[in-house]
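*Asks:*
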Amino acid sequence: MIKGEKRLMKRWRHYIFILATALFFFFTQNPGCKNPNEYQPTFDSLYHPPPAPELISPSNDTSIWYQAPFPHEVILKWSYVEGAEYYQLQFSNDSMSLPDARMINAYVCSTTIELNRNGYYFWHVRAYNRKWTWYTEWSKIWHFGVFYSP
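So this is what it looks like as structure tokens:
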């Protein structure tokens, strides 16, 4: 073996040792982790979620009158929650059955809803972060009326 090959073999063994050590620590510290994308922190390392978002507009128990026919767009706004990765919104025209939650980007504390008929609408919001034990509580349910009056 020539001198350059010896140096290369030594360096190669050194890299294998570092890789083996890293893999050893990775699998012994996270024994249940088979895929790094599936890693979930242990429950005791999670934080309690902050308070629920506050709804801002449209104001609770308000009526919005339009002089033009439907459809109309209404912007729903709520307060920012520190650390939120996304928000979930439930919106319905029935106070007894709010549908599945719609995900909203965390950098936007509002969304636009298109309404096609007169009536009362109900909504609330909650926030999520994977470092929290769960979602925040849902905000209080607010409602508003939308009416067309030619």
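Counting from 752, one number per residue, gives the positions in the sequence shown under my numbering.
The beta-carbon is built from N, C-alpha and C at its ideal position, and this holds for glycine as well.
Here's the rule: buried if 16 or more other CB atoms are within 10 angstroms of the residue's CB, otherwise exposed. What is residue 809?
*Replies:* Start at 1 with the first residue of the sequence shown, and residue 809 comes out as number 58. When all chains shown are included, residue 809 counts as buried.
*Asks:* Considering residue 839, what are the terminal residues of the beta strand (DSSP E) in which it resides?
*Replies:* As a working note, residue 839 is residue 88 in the sequence shown. Taken as a continuous stretch (DSSP letters only), the beta strand (DSSP E) holding residue 839 covers 837 to 843.
*Asks:* Please report how far the alpha carbon of residue 832 lies from the alpha carbon of residue 821, in whole angstroms.
*Replies:* Within the sequence shown, numbered from 1, the residue matching residue 832 stands at position 81. Within the sequence shown, numbered from 1, the residue matching residue 821 stands at position 70. Cα to Cα, the separation comes out at about 33 angstroms.
*Asks:* Would you mind sorting residue 770 into buried or exposed? The rule is 16 or more other CB atoms within 10 Å of its CB.
*Replies:* If you number the sequence shown from 1, residue 770 lands on position 19. Classification of residue 770: exposed, given that the 10 Å Cβ count is below 16.
*Asks:* Whose C-alpha, out of 824, 842, 845 and 813, is nearest the C-alpha of residue 896?
*Replies:* As a working mapping, residue 896 is identified with position 145 in the sequence shown. Ranking the options by Cα distance to residue 896, first place goes to 813.
*Asks:* Need the endpoints of the beta strand (DSSP E) that residue 876 sits in, please.
*Replies:* The count along the sequence shown starts at 1 and reaches residue 876 at position 125. Residues 870 to 879.
*Asks:* Across the stretch 795 to 804 and the stretch 848 to 855, are there enough close Cβ pairs to call them in contact, namely three or more that are closer than 8 angstroms?
*Replies:* They do not touch, by the three-pair rule.
*Asks:* Sorted by chain position, which residues of the same chain lie with C-beta nearer than 8 angstroms to residue 843's C-beta, five sequence neighbours on each side aside?
*Replies:* As a position in the sequence shown, residue 843 is number 92, starting the count at 1. Within the same chain, residue 843 has close Cβ partners 849, 850, 872, 873 and 874.
*Asks:* Report the partner residues of residue 856 according to the DSSP bridge assignment.
*Replies:* Locating residue 856 in the sequence shown gives position 105, counting from the first residue. Partner(s): 837.
*Asks:* If the criterion is Cβ atoms closer than 7 angstroms, does the pair residue 880 and residue 898 meet it?
*Replies:* On the sequence shown, position 129 is the one that residue 880 refers to. On the sequence shown, position 147 is the one that residue 898 refers to. No. Outside cutoff.
*Asks:* Have a look at the DSSP bridge pairing and note the partners of residue 813.
*Replies:* Here residue 813 refers to the residue found at position 62 when the sequence shown is read from its first residue. Paired residue(s): 895.
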